[in-house]
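Below you'll find the structure, written out as structure tokens, and then a few comments.
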Amino acid sequence: MEFKDRMTPLERMTAFKQGLPVDRIPCSPSISEHVCRLIGVSVARYCHSSRLMAEAHIIAFKIYQYDSVGVGPNFYGLAEAMGARLRFPDNDRPQLAEPAIRSYSEISHLEPVDAEHAGRLPLYLEALEIINESIGHQVPVGTGIGGPFTTAAFLRGVEDFLKDLRRNPEFVHSLLQLTTRSIINYIEAARKRGFSCSIGDPLASASVISPRHFREFVKPYLTKIAAWVKAACGSGPSLHICGDTRAIWADMVDTGVSAISLDNQVSLEEAKRAVGTRVALKGNVAPVEVLLHGTRDEVLAAAKECIRQAFDNPKGFILGSGCSVALNTPPDNILALMEAARIYGRMPIDPERLN
Numbered sequence: 038m039e040f041k042d043r044m045t046p047l048e049r050m051t052a053f054k055q056g057l058p059v060d061r062i063p064c065s066p067s068i069s070e071h072v073c074r075l076i077g078v079s080v081a082r083y084c085h086s087s088r089l090m091a092e093a094h095i096i097a098f099k100i101y102q103y104d105s106v107g108v109g110p111n112f113y114g115l116a117e118a119m120g121a122r123l124r125f126p127d128n129d130r131p132q133l134a135e136p137a138i139r140s141y142s143e144i145s146h147l148e149p150v151d152a153e154h155a156g157r158l159p160l161y162l163e164a165l166e167i168i169n170e171s172i173g174h175q176v177p178v179g180t181g182i183g184g185p186f187t188t189a190a191f192l193r194g195v196e197d198f199l200k201d202l203r204r205n206p207e208f209v210h211s212l213l214q215l216t217t218r219s220i221i222n223y224i225e226a227a228r229k230r231g232f233s234c235s236i237g238d239p240l241a242s243a244s245v246i247s248p249r250h251f252r253e254f255v256k257p258y259l260t261k262i263a264a265w266v267k268a269a270c271g272s273g274p275s276l277h278i279c280g281d282t283r284a285i286w287a288d289m290v291d292t293g294v295s296a297i298s299l300d301n302q303v304s305l306e307e308a309k310r311a312v313g314t315r316v317a318l319k320g321n322v323a324p325v326e327v328l329l330h331g332t333r334d335e336v337l338a339a340a341k342e343c344i345r346q347a348f349d350n351p352k353g354f355i356l357g358s359g360c361s362v363a364l365n366t367p368p369d370n371i372l373a374l375m376e377a378a379r380i381y382g383r384m385p386i387d388p389e390r391l392n
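Shown next as structure tokens:
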């Protein structure tokens, strides 16, 4: 049986953010560079063309009909704009080729980005405008930027940066102040054009650093960004941190974000009990084991389980992937994820339907 939507994605997400009734659970997988596969271009070409970025995301939305469309520089694009050098494979995501600084004596060479002109940041802003002109009347269009901690790690080099948390903490804070200001500059450039911004800070994971280091080196800067966004836009940004984040859920929410996106390593049900009265939850179908390698039935089952765990989260729930979907994810599996939202997430939800 086919279940048809009764609201457009724009209507659905507008109502969701206002706490009003919706026709079904929203679904927004993190599509990222997977869209290149839909138009047959290399990741390298996509990353250097606002036209290709826009074309790919417009076509992806027309195919998948998910509930938000986003394109942005993420952590590698911002680090590049601040002086890091990237490698652009044809069939993989951009990778760090060379950090911007080799020692903290070089930190004086860095300055907060001018988002209107630095690196490839203007390409993302142009792509957002093209996308919005084409489909912004149907679906919310937004952008994403790397968090201050991960961006700083890319500027310094990840291994050295993580060592610096102990041996050079004062310089780490200096670098984090620069990345925080740069992030705010980019978010402001997007805001002026009418676009919201999400934040992804994967290296801030409790799988990488201790909760103590999170509270010292991550939380203050995310809090500053979230406060700025809330003052400028009315609500905080959403936040994704990869890996096992259980030990820092309360700290993530304390920053003032409006939603947290959870990796498939953790339980949505556990997060609901811990922080669900304070923040919306998003996630967390496994992007590799299920979306890339799974069957349609496995996608439906995994999505059904996510909905079962979190559909009644007090601050709301958005079905999605646990992290960015792989480039070669079968389109049929993303369509199956959307189908699951319509079958198992249609309102009113009957818990018996989820058993």
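Positions 38 to 392 (our numbering) are the ones given, in order, by the sequence shown.
Glycine included, each C-beta is placed from N, C-alpha and C at the ideal position.
Buried versus exposed, by CB contacts within 10 Å (16 or more), residue i
i           : result
residue 287 : exposed
residue 384 : exposed
residue 402 : Residue 402 lies beyond the range of the chain shown here (38 to 392); nothing can be said about it.
residue 264 : exposed
residue 96  : exposed
residue 247 : exposed
residue 310 : exposed
residue 332 : exposed
residue 85  : exposed
residue 55  : exposed
residue 124 : exposed
residue 231 : exposed
residue 388 : exposed
Start-to-end residues for the alpha helix (DSSP H) that takes in residue i
i           : result
residue 143 : Run containing residue 143: none; DSSP gives neither H nor E here.
residue 374 : 368-381
residue 98  : 87-101
residue 336 : 333-347
residue 158 : 158-172
residue 187 : 185-193
Spatial neighbours of residue i in its chain, beta-carbon cut-off 6 Å, leaving aside the 5 residues before and after
i           : result
residue 277 : 237 and 298
residue 160 : 87
residue 239 : 187 and 279
residue 206 : none
residue 64  : 103, 104, 356, 375 and 378
residue 116 : 188, 191 and 192
residue 382 : 61, 62 and 344
Proximity test, residue i beta-carbon vs the ligand GDP heavy atom, cut-off 7 Å
i           : result
residue 355 : As for the ligand GDP, it is missing from this structure, which has no ligand bound.
Boundaries of the beta strand (DSSP E) in which residue i is found, first to last residue
i           : result
residue 270 : Element bounds for residue 270: not the beta strand (DSSP E) but the alpha helix (DSSP H), 256-270.
residue 123 : 122-124
residue 237 : 233-237
residue 354 : 354-358
residue 148 : Per DSSP, residue 148 belongs to no beta strand (DSSP E) and is neither H nor E.
Own chain partners of residue i with C-beta closer than 8 Å, once the 5 adjacent residues on each side are dropped
i           : result
residue 52  : 44, 58 and 59
residue 260 : 291, 292 and 293
residue 225 : 152 and 269
Cβ neighbours of residue i in the same chain (closer than 7 Å, five flanking residues each side left out)
i           : result
residue 351 : 313 and 314
residue 208 : 141, 144 and 201
residue 127 : 79, 80 and 81
residue 101 : 371, 372 and 375
residue 163 : 87
residue 302 : 280 and 281
residue 305 : 299, 318, 320, 321, 343, 346 and 347
Minimum Cβ-Cβ distance from residue i to chain C less than 8 Å
i           : result
residue 220 : No chain C is present in this structure, which holds just one protein chain.
Ignoring anything shorter than 3 residues, give me the beta strand (DSSP E) runs that lie fully in the region 204-229, in order along the chain. none
Go through the region 290-315 residue by residue and report every complete run of the alpha helix (DSSP H) that reaches 4 residues or more, in order. 305-312
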